[in-house]
Amino acid sequence: MKAIKLIITILVIVFINIVLTGFLEITIRRPIIYYEYIFLPIVLILAQKHIYRVFILMGLILLDIIYNLSHLYFFDIFNYIEKLPYLLIAKFNLSFWIYILIGLSLFVWLCNFLIKLFELKLKTLQNKKYTINIIVSVSFFILIYCIDSLNGSSLIGSQNLDKQFIKISTSNKKEYNIGKSLIKDLYTDFTLYQLGKKEVHEINDFKNINGDSSLSYKYFYNSTGNKEVVIVLESWGVYLNDTLMKDQLAPFFNIDSNKYKFSFEKSFFNGATLQAEARELLNKEGEAYFSVIKHNHCDIKSLIQQKIEHNYTTLAVQGFSGTYSVGAKFKKLIGFQTFKDYKFFHDTLGLPSIYNNQYQSVLDEEVFEYIFDNLNKSTKNFTYCLSINTHLPFHLTKSQKKELEFPKFTNHYKNSFPDQEVLERYYRMSQELARLATLINKSDVDKVLIIGDHAPPYLFKVERNMFAPNLVPAILIEKKMKKNLAH
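For the sequence shown, our numbering begins at 47 and goes up steadily by one.
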């Protein structure tokens, strides 16, 4: 009878871990079980008081969730926690907060219920509760560790195919360990977080494909065009389906080929939007963004400072508030002379708000139009734009769903996407790209780079598997040099 109760405890621990993996359908690099859960019964026995035990169980599960949620969105946990307060100024609807409240209430009740069951089990074990739980926990750990070792990986190692005697993996998530230490993962994140405390010059340069610099540095650091634009598109990833990728690029093939040349490229990405801004504007690994904010200055010559030295007027624009992730502060610290965000576009220009996600913003296309209208206001200018409408979680507005093109689009692509959200976001991104192609074709811009910040961080593997895991697309439009007709 006692053995059965111990087996039930193990099954409950395994079930909690399986639930937290999303039944292996969520695209997180989480093992099937964290070792800390295996030794949780021993910790709970030592805690003794009921309330302490409830808090320990809740704390471990919440830490697990936040860690994996941060990595789902390309963050380390420590920078992600620093970013969480900005959710409070995001415009989630009332139903979202009701669901959160109900979920937290159920979570507290469930943890309390599981601890009560655990305490009932302890009473039946009496004086043997320490010995039996230690034996069971250690045995379970050894079993998992041995399986992982045979699988070519372990607690302190990484996968080694030469030592792989069996193959048990959740390889769709690139995670080969059945068991792993959450504490070890947290330590790895902490070492990454500490890099943000260094000065920018101490942080590694970004290394792109073939060891190149970021595409913005490659094409703009020493360029001499009078009108130059870099646009970072939110969550624009490289589709593995060539047809879907080509369809998004199609409008750019209609640009006047006598005036402009068009090329398609790909770039590595590592991290979220903040890291992408450090990549493109500083040619540094993502921790440089946090370094600039924490030190309140940028100690290298950024792309923007280089442009200013060469007499460019520099402008950064975005259709949402610059308070998010202290974006306005970052832009000013790295050298932008002017920064315009939602307040300017909405309050000054009177553009309407739009909600394709939790961010209050104006239409990205309106910001794009402002950029190209603004090009002739100075002799030499460099403009940087960060879009927002395609941020996840995504939905089309009611008016966008009523657009005449949307039913035709849906009918054409309905079998190309796993769910409605992915289809609608593809539609919205295609709109933005088509508008940019039109604006460029009508403009007198010298050079434009349009690049994704990161692949879209969809929750489920069937969605993420549509994209190259470490690449973003890029479009470079350059004005052709006029041929010298003199003889």
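Idealized CB from N, CA, C, for every residue including glycine.
1) Between the alpha carbons of F101 and L150, how many angstroms are there, rounded?
2) Looking only at C-alpha atoms, which of E331, N342 and H437 sits nearest to D251?
3) Can you pull the DSSP bridge partners for L279?
4) Straight-line CA distance for F506 to E71?
5) Quick one: give me the first and last residue of the alpha helix (DSSP H) that T425 is part of.
6) Roughly how many whole angstroms lie between the Cα atoms of F390 and Y81?
7) If you reduce the DSSP assignment to three classes, tell me which class I521 lands in.
8) Quick one: what does DSSP say S183 is sitting in, helix, strand or coil?
9) What first and last residue would you give for the beta strand (DSSP E) that runs through Y306?
10) Round the Cβ separation of F385 and A362 to the nearest angstrom and send it over; I've been treating them as touching at under 8 Å.
11) CA-CA distance, N516 and I255?
12) What are the boundary residues of the alpha helix (DSSP H) that V508 is part of?
13) Measuring CB atoms only, is the stretch 345-357 touching the stretch 395-402, in the sense that at least three cross pairs come out at less than 8 Å?
14) Which class does S462 belong to by DSSP, given the choice of helix, strand or coil?
15) Starting from F385, trace the beta strand (DSSP E) in both directions and tell me its first and last residue.
16) According to the neighbour-count rule (16 or more other Cβ atoms, all chains shown, within 10 Å of its Cβ), is A374 buried or exposed?
17) Work out the CA separation of L495 and Y263 for me, nearest whole Å.
18) Nearest-angstrom Cα distance between T319 and I127?
19) Do you know whose CA, among F124, L92 and I59, lies nearest I78's CA?
20) Excluding the five sequence neighbours on either side, which residues of its own chain have a C-beta within less than 7 Å of the C-beta of H437, listed in chain order?
21) Cα-Cα, which of N329, I112 and W143 is closest to G257?
22) By Cβ distance, which residues of its chain are closer than 7 Å to K175, with the 5 residues on each side in sequence left out?
23) Could you tell me the boundaries of the beta strand (DSSP E) in which L361 lies?
24) Do the CB positions of A334 and I400 come within less than 9 Å of each other?
25) Beta-carbon separation of F440 and R471 under 9 Å?
26) Where does I202 sit, in a helix, a strand or coil, going by DSSP?
27) Going by DSSP, name the residue or residues bridged to K273.
28) Should the stretch 300-314 be called in touch with the stretch 95-112, which here means at least 3 C-beta pairs below 8 Å?
29) Looking only at its own chain, which residues have a Cβ that is under 6 Å from the Cβ of V228, when we skip the five neighbours before and after it?
30) Exposed or buried, which one is M527 when buried takes at least 16 other CB atoms within 10 Å?
31) Nearest CA to the CA of C562: which residue from C192, I123, F120 and L108?
32) For L522, which residues of its own chain have a beta-carbon under 6 Å away from its beta-carbon, when the five flanking residues on both sides are left out?
33) What residue from W143, M475, S462 and L261 has the CA that sits closest to G283's CA?
34) Residues in its own chain within less than 8 Å of D119 by CB, not counting five upstream and five downstream?
35) Per DSSP, I43 forms a beta bridge with which residues?
36) Which residues in the same chain as S204 place their Cβ atom closer than 7 Å to its Cβ, once the five residues preceding and following it in sequence are excluded?
In brief:
1) 13 Å
2) E331
3) DSSP output for L279 lists G498 as bridge partner(s).
4) Their backbone Cα atoms lie some 6 Å apart in a straight line.
5) Careful: T425 lies outside any alpha helix (DSSP H) and carries neither H nor E.
6) 51 Å
7) Taken through DSSP and simplified to helix, strand or coil, I521 comes out as strand.
8) helix
9) Y306 to F314
10) Yes, they are in contact, since the Cβ atoms of F385 and A362 sit about 5 Å apart, within 8 Å.
11) 11 Å
12) K507 to R510
13) no
14) Residue state, collapsed to three classes: coil.
15) T384 to K386
16) buried
17) 11 Å
18) 16 Å
19) I59
20) E280, S281, N403 and Y405
21) N329
22) If we look at K175 and ignore the five residues flanking it on each side, its Cβ neighbours are I91 and L168.
23) T359 to Q364
24) no
25) The answer is yes: Cβ separation under 9 Å.
26) Because I202 carries a pLDDT of 45, less than 50, the predicted location of this residue cannot be relied on, and no value is offered for it.
27) N427
28) At 8 Å Cβ cutoff, the stretches do not touch.
29) It is Leu, not Val, that sits at residue 228 in the sequence shown. Around L228: Y80 and E82.
30) exposed
31) With the chain represented from 47 up to 533, any question about residue 562 goes unanswered, as that position is not in the structure.
32) S309 and L495
33) M475
34) Correcting the residue identity first, residue 119 is Tyr in this sequence and not Asp. So the qualifying residues of the chain are Y126, A318 and P503.
35) Residue 43 lies beyond the residue range present for the chain, which begins at 47 and ends at 533; the question has no answer from this structure.
36) Note that S204 scores 49 on pLDDT, short of 50, meaning its location in the model is unreliable and no value can be drawn from it.
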